[in-house]
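Residue numbers (the numbering used here): 1273 to 1474.
Ideal Cβ placement from N, Cα and C applies to all residues, glycine included.
Remarks on the structure that follows.
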């Protein structure tokens, strides 16, 4: 299908593009006016959407290794991890010791970290078989039946803490954006392939 030399060149070109893109987006070291990408804002959005696709992933360790030579010219002690988290808007969202294999895995790790599960809750969630749902009514039917809805103030899209008491269903607001379906589908595919026993998205 593809010769190994061509494959290496393709991986290297993709890696260098990602590094250059991250440096321009995440630092003030380069003049964005000199890059055609920044003349078309929709291209930036498209690139970010492509970076989350599971089939587009490059090993994070490879990108980290290739970033090393840039450190001197950038005159910074910032790591590629710091840059990556800033570019995706994930600063302070995960602990320093949390590792990830690639960008899709990073998105999942951030989502899981923001669930706020304790170690015990996470273990129980893995140990308990999924319960079968006999009937599931949509919000319109619940509203017609007199159920009131209350938004729980949380940043996190995937918090599973839902409380029903005295006819009031309290749950976090799920924000759907243009790329929500794309992100969710890719996180689901990742979990099905690599996290079948600790799937929080699907």
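Length of the line joining the Cα atoms of residue 1297 and residue 1359: Within the chain shown, numbered from 1, the residue matching residue 1297 stands at position 25. Within the chain shown, numbered from 1, the residue matching residue 1359 stands at position 87. Looking at the two C-alpha atoms, the distance is approximately 6 Å.
Residue span of the beta strand (DSSP E) that contains residue 1468, given as start and end: Residue numbering aside, residue 1468 sits at position 196 when the chain shown is read from its first letter. Note, residue 1468: premise wrong, no beta strand (DSSP E); not H, not E.
Test item: CB-CB of residue 1316 and residue 1309 under 8 Å: Mapped onto the chain shown, residue 1316 falls at position 44. Mapped onto the chain shown, residue 1309 falls at position 37. Yes, the Cβ-Cβ distance between residue 1316 and residue 1309 is below 8 Å.
Under the three-state DSSP convention, the category residue 1410 falls into: Start at 1 with the first residue of the chain shown, and residue 1410 comes out as number 138. Under the three-state reduction of DSSP output, residue 1410 falls in the coil class, being neither helix nor strand.
Residues of its chain near residue 1339, where Cβ-Cβ distance is below 7 Å and the 5 sequence neighbours each way are ignored: For the purposes of this step, residue 1339 is identified with residue 67 of the chain shown, where counting begins at 1. Cβ neighbours of residue 1339 beyond the five flanking positions: 1291, 1352.
Coil, strand or helix - residue 1423 by DSSP: The residue given as residue 1423 occupies position 151 in the chain shown. Annotated three-state conformation of residue 1423 is strand, per DSSP.
Sub-8 Å separation of residue 1329 and residue 1374 beta-carbons: What you label residue 1329 is simply residue 57 of the chain shown in a count that begins at 1. What you label residue 1374 is simply residue 102 of the chain shown in a count that begins at 1. In contact: residue 1329 and residue 1374 (Cβ atoms closer than 8 Å).
Integer Cβ distance of residue 1372 from residue 1383, believed to fall under 8 Å: The residue given as residue 1372 occupies position 100 in the chain shown. The residue given as residue 1383 occupies position 111 in the chain shown. With a beta-carbon spacing of about 12 Å, residue 1372 and residue 1383 fall beyond the 8 Å limit used to define contacts.
Unbroken alpha helix (DSSP H) run spanning residue 1309, endpoints: Indexing the chain shown from 1 puts residue 1309 at position 37. Per DSSP, residue 1309 belongs to no alpha helix (DSSP H) and is neither H nor E.
Buried versus exposed call for residue 1455 [16 or more other C-beta atoms within 10 Å across all chains shown]: As a first step, residue 1455 is located in the chain shown; it is residue number 183 there, counting from the start. Looking at its Cβ environment, which holds 16 or more other Cβ atoms inside 10 Å, residue 1455 is buried.
Bridge partner(s) assigned by DSSP for residue 1440: In the chain shown, residue 1440 corresponds to position 168, counting from 1. Within the DSSP secondary-structure output, residue 1440 pairs in a beta bridge with 1420, 1437.
Residues of its chain near residue 1461, where Cβ-Cβ distance is below 6 Å and the 5 sequence neighbours each way are ignored: Reading the chain shown from its first residue, position 189 is the one you call residue 1461. Correct list, in chain order: 1326.
Top-ranked residue by Cα proximity to residue 1294, from 1342, 1386, 1276, 1279: Taking the first residue of the chain shown as 1, we reach residue 1294 at position 22. Out of 1342, 1386, 1276, 1279, the CA that lies nearest to the CA of residue 1294 is found in 1342.
Rounded C-alpha distance that separates residue 1361 from residue 1452: On the chain shown, residue 1361 is found 89 positions in, with the first residue counted as 1. On the chain shown, residue 1452 is found 180 positions in, with the first residue counted as 1. When rounded, the distance between both Cα atoms is 15 Å.
Start-to-end residues for the alpha helix (DSSP H) that takes in residue 1296: Start at 1 with the first residue of the chain shown, and residue 1296 comes out as number 24. From DSSP, the alpha helix (DSSP H) with residue 1296 extends over 1276-1298.
Extent of the continuous alpha helix (DSSP H) run through residue 1336: By 1-based counting over the chain shown, the position of residue 1336 is 64. Per DSSP, residue 1336 belongs to the alpha helix (DSSP H) from 1332-1339.
Through-space distance from residue 1450 to residue 1313, alpha-carbon basis: What you label residue 1313 is simply residue 41 of the chain shown in a count that begins at 1. What you label residue 1450 is simply residue 178 of the chain shown in a count that begins at 1. Computed Cα separation, rounded: 15 Å.
Backbone CA spacing between residue 1318 and residue 1289 [nearest angstrom]: Here residue 1318 corresponds to residue number 46 of the chain shown, with the count starting at 1. Here residue 1289 corresponds to residue number 17 of the chain shown, with the count starting at 1. Cα to Cα, the separation comes out at about 14 Å.
Where the alpha helix (DSSP H) containing residue 1385 begins and where it ends: For the purposes of this step, residue 1385 is taken as the residue at position 113 of the chain shown. Bounds of the alpha helix (DSSP H) holding residue 1385 are 1375-1385.
Residue 1429 - DSSP class collapsed to helix/strand/coil: Position 157 of the chain shown holds residue 1429. Because residue 1429 carries a pLDDT of 48, less than 50, the predicted location of this residue cannot be relied on, and no value is offered for it.
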